[in-house]
Amino acid sequence: MLSRCKDILIIISQYITDADKINWSMTCIAMDKYKYEFTYCEKTDVYKIMSLPYYNNFEYVVVYHETLFVPTKMKPCKYFSYDGDVRPGTTYLVTNKILPGAIIPKTVTKLKFGPYFNWLINDYLTDSITKLKFNNYFNQYISNCIPNSVTHLTFGDHFNKTLENSIPESVTHLTFGYDFNKKITSMLPASITHLKFGHRFDGSIVSLATLDKLTHLTFGYNFNQLIYECLPDSIIKITFGFHFNQPITNSIPNVTHLTFGDRFNQTIDDLPDLITHLTLGCDFNKPITNIPSSVTHLTFGDRFNQPTTNFPSSITHLSFGYDFNQPILNCGMTHLTLGACFNQSLKNLPSSLTDLTLHRYCNDLIKKDIPKSVNIFIK
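Read in the working numbering, the sequence shown has 223 at position 223, and its numbers run on one by one without any break.
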């Protein structure tokens, strides 16, 4: 009977967090012994547990090359290697060095090169790796070096090499760092679904039109190129950086989430019918004549100060910046944010409103008109 009770407690422990297991074992003397029976499955650093008497019960432990003793139940989730050695069974490896003639073990599925790694990687990588990340110093040619197993590929800030024969067809998530600004003509595989450019990239993107699986696209600070007939219809989420200020008409028909940087100030009368989240940057101050009824979240930057007459009732979350000072006419919102210059009556706020955020410099006289049912926040 006691054995069966123990088995039940062990099974229950598999469905609660490691912290709850510890707290549970502290409820009484009889339960205290179970802290030595439970298996702790959440990721933790070896230095946080090495003094515990139940040290060996931890499965997912971040260990380092100088770690002498590892838990007997450990399934290494992350191993930091400074001199190129790798512990057997490691699945996530962080290293600053690859030893001459060495090959990354096939148990490794996630590989991250440390901050000072900047060596050629010819023939070192195995086809077990699915996630590969280079840190900031790396800037070597990678032609025919990345295995076809890699799905997530991230470059650091200094990488700026041509990409010919570099990105395998297996890659779905590709991220470039700060300095990258090379031509990408026909060099990206059609498998990519998520693509992010760094701040210096400002090249032609005509070749992106062929990436018919691309759904998420992010540009950095400098990008300011025409996008008409350059992007595939598959994109649903796109973010533009600080300098982008080009027309978007008929360019992104299926986008649901659209974010502009601070310099954007073009008319937006032809937004896609599927858009739900629209964010405009600091400089935008064009009249609003046609926002699709699909939009639920609308955010303006500091310079916007135009009438809200044509806003659709579908908007539930509406946010204005510093300069806005127009009557609020939208009748369907639940969340409203106003800037420092707002000085209009709030007597006719929609009954649906639950949360109102005011600037700390907002006129105190308008606050007396706010219904008691509305939660007020000061920013």
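Ideal Cβ positions, reconstructed from N, Cα and C, are used throughout, including at glycine.
{"Item": "Closest residue to P232 among T193, R263, F240 (Cα-Cα distance)", "Value": "T193"}
{"Item": "Distance, C28 Cα to D18 Cα", "Value": "18 Å"}
{"Item": "Secondary structure, alpha helix (DSSP H): runs of 4+ residues fully inside the stretch 285-367", "Value": "none"}
{"Item": "Selection from T289, L358, P350 that minimises the alpha carbon distance to Y322", "Value": "L358"}
{"Item": "Same chain, Cβ closer than 7 Å to I378, neighbours up to 5 away in sequence not counted", "Value": "L358, R360"}
{"Item": "Separation of W119 from N144, as counted between CA atoms", "Value": "15 Å"}
{"Item": "The beta strand (DSSP E) enclosing I238, as first and last residue numbers", "Value": "237-239"}
{"Item": "Three-state secondary structure assigned by DSSP to K21", "Value": "helix"}
{"Item": "Cα-Cα separation, I227 to L208", "Value": "10 Å"}
{"Item": "V46: first and last residue of the uninterrupted beta strand (DSSP E) it sits in", "Value": "It is not in any beta strand (DSSP E) - V46 instead sits in the alpha helix (DSSP H) that spans 46-49."}
{"Item": "Contact set for F197: own chain, Cβ-Cβ below 8 Å, skip 5 residues either direction", "Value": "F176, F180, T218, F219, G220, F223"}
{"Item": "For I146, the three-state DSSP class (helix, strand or coil)", "Value": "coil"}
{"Item": "Proximity winner among I205, F58, N265, relative to Q14 (alpha-carbon distances)", "Value": "F58"}
{"Item": "Cα-Cα separation between S204 and S170, rounded to whole angstroms", "Value": "24 Å"}
{"Item": "Residue from L338, H317, T316 with nearest C-alpha to Q326", "Value": "L338"}
{"Item": "Helix, strand or coil at L133 [DSSP, three-state]", "Value": "Correcting the residue type first, residue 133 is Lys in the shown sequence and not Leu. It is a strand residue."}
{"Item": "For I10 and S25, the rounded distance between their alpha carbons", "Value": "11 Å"}
{"Item": "Collapsed DSSP secondary structure at V94 in the structure displayed", "Value": "strand"}
{"Item": "For Y40, three-class secondary structure by DSSP", "Value": "strand"}
{"Item": "Close-in-space but distant-in-sequence residues of the same chain around T299 (CB under 6 Å, 5 per side omitted)", "Value": "T279, S319"}
{"Item": "Collapsed DSSP secondary structure at I376 in the structure displayed", "Value": "strand"}
{"Item": "Nearest-angstrom beta carbon gap, S313 and V295 [assumed within contact, 8 Å]", "Value": "Not a contact, Cβ separation roughly 10 Å."}
{"Item": "For T210, the three-state DSSP class (helix, strand or coil)", "Value": "helix"}
{"Item": "DSSP bridge partner residues for F113 (one or two, in chain order)", "Value": "T95"}
{"Item": "Among N160, K161, F134, Q140, nearest to H152 - alpha-carbon criterion", "Value": "F134"}
{"Item": "Residue burial classification, S251 (beta-carbon count within 10 angstroms, cutoff 16)", "Value": "buried"}
{"Item": "Range covered by the alpha helix (DSSP H) that runs through A30", "Value": "29-32"}
{"Item": "Beta-ladder partner(s) of H173, from DSSP", "Value": "H152, H194"}
{"Item": "F201 - partner residues in DSSP beta bridges", "Value": "DSSP output for F201 lists no bridge partner at all."}
{"Item": "Residue interval of the beta strand (DSSP E) (run including T279)", "Value": "277-279"}
{"Item": "C-alpha gap between M1 and A30, whole angstroms", "Value": "With a pLDDT of 37 at M1, under the threshold of 50, the modelled position of this residue cannot be trusted; read the value that follows with caution. For M1 and A30, the distance between alpha carbons rounds to 15 Å."}
{"Item": "Q14 - DSSP class collapsed to helix/strand/coil", "Value": "coil"}
{"Item": "Backbone CA spacing between I376 and Y47 [nearest angstrom]", "Value": "44 Å"}
{"Item": "Which listed residue (T308, T126, L346) has its alpha carbon closest to that of L329", "Value": "T308"}
{"Item": "Strand pairing of T259, partner residues [DSSP]", "Value": "T239, T279"}
{"Item": "Beta-carbon proximity list for I160, same chain, < 6 Å, skipping 5 on both sides", "Value": "The identity of residue 160 in the sequence shown is Asn, whereas the question assumes Ile. Here the set comprises D179, F180."}
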